[in-house]
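**Student:** Here you go, one structure.
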Amino acid sequence: MKQLFYILVYLTPIISVSQKNNSIAREWMDTLLEMVKEDGQGPTIQARNLFHVSAAMHDAWAAYDEKQNTYFLGKEKNGKVIAFNPHFKRISKNIDSLRTIAISYAAFNIIKARYDLYGSKGRTIDILLSTFDKHQFKINKTLTTDYVNGSPEALGNYIAQQILLFGKNDGSKEEDRHEPDHYRPKNNNLLPETSDITGLVYPNHWQPIYVNNYIREKGFDKSLKDWNQLLIEGNVDFLTPFWGEVESFALPTESKRGMIHFNPGHPPYINTGNEQQTEAYRWGFSLVQRFASKLDSYNSKVWDISPKGITNIDAHIPKGLKEYQAYYAKIENNQRGNPIKNPITKKIYPKNLVKQGDYCRVIAEFWVDGPNTYSPPGHWLKFLNKVSYHPNFKRKWNGKGKALSQLEWDIKSYFLMCGAAHDAAIACWSAKGHYDYVRPISAIRYLGSLGQSSDANKPNYNPSGLKLVKNLVELVTENDPLAGDNKEHLNKIKIYNWRGPDAIENPFTDTAGVGWILAENWWPYQRYTFATPPFAGYTSGHSTFSTASAILLTYISGSPYFPSGLETFTAEKNEFLGFEDGPSEKITLQWATFYDAAIETCLSRVWGGIHPPVDDIEGRRTGKKVAENAIGFSKSFFN
């Protein structure tokens, strides 16, 4: 609960900044995001909902101005034109009030219909109704769609009706609650409380993780809510592996080859007879294991995490194994900063020295965006709100021209950001569904089970196994405490690593720390109840969402920088962390640019044991393409 409290302390001001001056679009977006937090659906589903609601609000706003483009109204979608009567009576008086009503009825109807489908209705309906009732809107006016004579309620209802009809045939399988009808995992379930890796018959492919037995043995995480347990118990199947077939916001047809948008090519494979592929596979997952060896409050290595220490505005996205290795070596040694100046104060950012072990655990948890959060795209909408409502920010689109009204700014920025988030989900999951790539929790255990590949004259040799590295990856010797009472683990691979949930009795007071464990028992730095997301790894959703969002925020605002030149979040000593106790000292995360925050998001998933570098980097590349495409679309769409 302590971690959830501190996340909410950080995010709530973003929700409630000068609330009396919030636009109606902001109110509905905040309402939807609060429902996202209480819902528990996956990021693909939430991104689709965010887009459809933002598009509904946009069309309700645009319908009152003949010079504005609409996205759904009067346009062909799924081979069918969504009618918009040209005789719609645009009343010129009180247009702001009419728009408020139309936007509200459009948003309300879509949100209500979508969340009525999910099991979270009992948790979310009051959030929805509180916003609706606050403005004294009437439920009995949510039915009429006869908008021609100028009824704003009817216009909003009609827009919602048409988008909901569109959504029944947009490829998302909404009628089946977004469940896949053909996908079957190639591998059997991983039981993480055991060292049995035999279920991973195909080590290049995703393996479902079944944590229910371990939860029953250890007890449910008391920092989570009761409904989370029901969600987690059913959270084994691959989330929406077909999502590449969903109708997008603005992805061009030429971006799609076969089933995949912006096809990144296949990730490194093992056991194919190709030594270079095996080496790339082993290097990537070994790096995740090596990063996890630093997740310790007693790791006193100091890093400068100020913008001076970590900013790299012109960040090159590496390509190929050698560039990957060089890039991540800089990350591991904190060698990626530039001595840049704050554009507001004109001074070089001062150092911000922290313990590496604390910093890496904090970012792994701050950016996790798992249960009880706003989801990855929602996190970035919070940043958008932070920018849009900053007292020093000028609402000039792309930093140019005249300042927009708060409502027009919110309508357009939500529409573009949410549309791109939807496209990011489609593009990312098209690769996840096609390549079906293995996660670190399976791959690291598998590599360890093979043995060591360093010396054919030493025990437990296998050319595909882990490389022996002194003080990091070694063989279990006869007098080793890990050897077992009957020496059953003799000559197995042991790794120096974060010790996992078995070493934690009470996450409020205990830390696992790092130490020697058998490689076959490796856990990522995550909650044991949500050890790894229930879908394939390649490419990273966090990397795709965050890269696209950072590029879009830069474009929309006209600057790569946060409005004050610095955005921060403070993780209090022994309070913020939720997976275990910590951090050991107070830490303040700092970002000068949107891209700083995006890169930290990407790397947090490597530090947290969720993605190897190839997932991260190719996710960034896809996110960049998604953003560039969305920006190109917006230039022709917005007058």
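Take the sequence shown: its letters are residues 44 to 682, numbered as in the working numbering. For glycine and all other residues, C-beta sits at the position ideal for the given N, C-alpha and C. All values derive from a computational prediction rather than experimental measurement.
(1) If we require 3 or more residues per run, which beta strand (DSSP E) segments fall completely within the stretch 576-656?
(2) Use the C-beta contact count for D264: other C-beta atoms within 10 angstroms, 16 or more gives buried, fewer gives exposed.
(3) Under 8 angstroms by Cβ, that's how I've got V397 and V345 pegged, so tell me the actual separation to the nearest angstrom.
(4) In its own chain, which residues sit with a C-beta less than 7 angstroms from the C-beta of Y53, not counting the 5 before and 5 after it?
(5) The alpha helix (DSSP H) spanning E517 covers which residue range?
(6) What three-state label does DSSP hand L234 in the structure shown?
(7) Using DSSP bridges, identify the partner residues of H304.
(8) What is the rounded straight-line gap between the Cα of L207 and the Cα of V512?
(9) Evaluate contact between the stretch 174-186 and the stretch 89-97, counting only Cβ atoms and requiring at least three cross-stretch pairs below 8 angstroms.
(10) Rounded to a whole number of angstroms, what is the C-alpha to C-alpha distance between I313 and T187?
(11) How would you call A673, buried or exposed, if buried means at least 16 neighbouring beta carbons within 10 angstroms?
(12) Could you check if P393 is buried or exposed, using at least 16 other CB atoms within 10 Å of its CB as the buried criterion?
(13) Does D453 come out as helix, strand or coil in the three-state DSSP assignment?
(14) Could you check whether G527 and L509 sit closer than 7 angstroms to each other, using their CB atoms as the reference points?
(15) Classify Y417 as helix, strand or coil using the three-state DSSP reduction.
(16) Check each candidate in G85, F551, F151 and F115 and name the one with the smallest Cα separation from A68.
(17) What are the partner residues of G558, as DSSP defines its beta bridges?
(18) Where C645 and N529 are concerned, what is the direct C-alpha to C-alpha distance, given to the nearest angstrom?
(19) For A670, count neighbouring C-beta atoms within 10 Å of its own C-beta (all shown protein chains included) and say buried if the count is 16 or more, exposed if not.
(20) Under three-state DSSP, which class holds L76?
(21) Within 10 angstroms of the Cβ of K678, are there 16 or more other Cβ atoms? Answer buried if so, exposed if not.
(22) Taking 7 angstroms as the threshold (C-beta atoms), are Y539 and L518 in contact?
(23) When the Cα atoms are used, what is the spatial distance from G199 to A145?
(24) Let me make sure I understand the geometry here. Which of K211, A105, E260 and G652 has the alpha-carbon closest to that of P684?
(25) In angstroms with no decimal places, state the Cα-to-Cα distance between H359 and P655.
(26) Using the three-state DSSP reduction, which class does I67 fall into: helix, strand or coil?
(27) How many angstroms separate the CA atom of K136 from the CA atom of N112?
(28) In the DSSP assignment, what are the bridge partners of Q495?
(29) So, under 8 angstroms CB-CB, I153 and A203 are touching, yes? Tell me the CB distance rounded to an integer number of Å.
(30) Hey, quick one: how far does the beta strand (DSSP E) through L396 stretch, first residue to last?
(31) Put I168 into one of helix, strand or coil per three-state DSSP.
(32) DSSP three-state call for I360: helix, strand or coil?
(33) Mind checking H221: buried by the 16 CB within 10 Å criterion, or exposed?
(34) Would you grab the beta carbon distance between S473 and G262 for me? Rounded to a whole angstrom, and I think it's under 8 angstroms.
(35) Return helix, strand or coil for K678, following the three-state DSSP convention.
(36) Thinking C-beta only, is L427 closer than 7 angstroms to S456?
**Tutor:** Quick answer:
(1) Scanning the stretch 576-656 from its first residue to its last, the whole beta strand (DSSP E) runs of 3-plus residues come out as 610-614 and 630-634.
(2) D264 should be labelled buried.
(3) Between V345 and V397 the Cβ distance is about 7 angstroms, and since that is below 8 angstroms, they are a contact.
(4) Low confidence applies here, because Y53 scores a pLDDT of 43, under 50, leaving its location unreliable and the question unanswered by this model.
(5) Not the alpha helix (DSSP H): E517 falls in the beta strand (DSSP E), residues V516 to L518.
(6) In the three-state reduction of the DSSP assignment, L234 falls in the coil class, being assigned neither a helical nor a strand state.
(7) H304 is bridged to K299.
(8) Spanning the two alpha carbons is a distance of roughly 56 angstroms.
(9) Flag = no, the stretch 174-186 and the stretch 89-97 do not touch.
(10) Approximately 59 angstroms between the Cα atoms of the pair.
(11) By the Cβ neighbour-count rule, A673 is buried, with 16 or more other Cβ atoms within 10 Å of its own.
(12) With a threshold of 16 other beta carbon atoms within 10 Å, P393 falls short and is exposed.
(13) D453: helix per DSSP, three-state reduction.
(14) Between L509 and G527, the gap from beta carbon to beta carbon reaches 7 angstroms or more.
(15) Three-state DSSP puts Y417 in coil, outside helix and strand.
(16) It is F151.
(17) DSSP lists N540 as partners of G558.
(18) C-alpha separation (whole angstroms): 43 angstroms.
(19) Of the other Cβ atoms in all chains shown, 16 or more fall within 10 Å of the Cβ of A670; this residue is therefore buried.
(20) Of the three classes helix, strand and coil, the one that applies to L76 here is helix, per DSSP.
(21) K678 sits exposed, since fewer than 16 C-beta atoms from the chains shown fall within 10 Å of its C-beta.
(22) In this structure, Y539 does not lie closer than 7 angstroms to L518 by Cβ.
(23) Rounded to whole angstroms, G199 to A145 spans 4 angstroms at the Cα level.
(24) Outside the shown range of the chain, which is 44 to 682, sits residue 684, and nothing can be said about it.
(25) Separation of H359 and P655 (C-alpha to C-alpha, rounded to the nearest whole angstrom) is 18 angstroms.
(26) Reduced to three states, the DSSP call for I67 is helix.
(27) Between K136 and N112, the C-alpha separation is close to 21 angstroms.
(28) Answer is Y504 and L509, bridged to Q495.
(29) Contact between I153 and A203 holds, with the beta-carbon distance rounding to 5 angstroms and staying under 8 angstroms.
(30) From DSSP, the beta strand (DSSP E) with L396 extends over L396 to K398.
(31) The answer is helix: DSSP assigns I168 an H, G or I state.
(32) Reduced to three states, the DSSP call for I360 is coil.
(33) With 16 or more Cβ atoms within 10 Å of its Cβ, H221 is classed as buried.
(34) About 38 angstroms separates the two Cβ atoms, so there is no contact after all.
(35) In the structure shown, K678 adopts helical secondary structure according to DSSP, grouped into three states.
(36) Contact: yes.
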